[in-house]
Amino acid sequence: MKKLSLILLFITIFSSTLLAKTSSDRNASTSDGKKVFETYCWGCHHQTAVAFGPPFSEIASKRSADEIRAMITDPQSVSKVLGYKRNAMPTLKLTPKELDAITNYILSFNPNSAFKPKGE
Ligand code: HEC
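As structure tokens, then:
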């Protein structure tokens, strides 16, 4: 009986460390994403206001992570797939890590998920 509760205690501690780790990883990548945004995208894109390009909140509400990644990697062909007649966004050379970080950062502006529960 005592042994069992000890095992349960270990499982609880172990899984909460795991959870803490994943959430701190996510925070790290959001702040990395902000850095990428400020270095490469700001000026043409703003978080929630329309600039030269659409705001991240609008992109996040209608695109998947794959579409966002594709657009950043190859705007010339992917802008047509997304329905743009002309392409004004330049190809930016990002590392795979920067690409992931900026994609997560854009998706964090989805007004339908993080901030408002669906159906409201
Ligand atoms: C020189 C201006 C410019 C820069 C810099 C720029 N963009 Fe864009 N972006 C645009 C424009 C304009 C569009 C609209 C489509 C087009 O013209 O190709 C666009 C479209 C997009 C789209 C697709 C929008 C949709 O309809 O879903 C994504 C995603 C995107 N940009 C992400 C980024 C990211 C991330 C960065 C920085 C790493 C960045 N852009 C830097 C101008 C820019």
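Here the sequence shown is numbered in the working numbering, starting from 1 and rising by one per residue.
All C-beta atoms in this analysis are idealised placements derived from N, C-alpha and C, irrespective of residue type, glycine included.
Remember, it's a predicted structure, so these values are computed and weren't measured experimentally.
Excluding residues up to 5 positions away in sequence, Ala51, Phe52, Gly53 and Met89 lie with their Cβ nearer than 8 Å to the Cβ of Cys44 in the same chain. Lys3 has its alpha-carbon roughly 51 Å from the corresponding atom of Ser57. Looking from the CA of Ser64, the closest CA among Thr48, Gln76, Leu82 and Asp74 belongs to Leu82. The ligand HEC approaches Ser79 closely enough that one of its heavy atoms is under 7 Å from the residue's Cβ.
The segment 62-81 and the segment 31-39 do not touch, with fewer than three beta-carbon pairs separated by less than 8 Å. In chain order, Ala65, Ile68 and Arg69 place their CB closer than 7 Å to the CB of Thr103, counting only its own chain and leaving out the 5 sequence neighbours on each side.
Asn112 and Ser61 have their C-alpha atoms spaced approximately 7 Å apart. Inter-residue distance for Asp100 and Pro55 is about 18 Å (C-alpha atoms, whole angstroms).
For the set Gln47, Leu107, Ala49 and Thr73, the Cα lying nearest the Cα of Thr95 is the one of Thr73.
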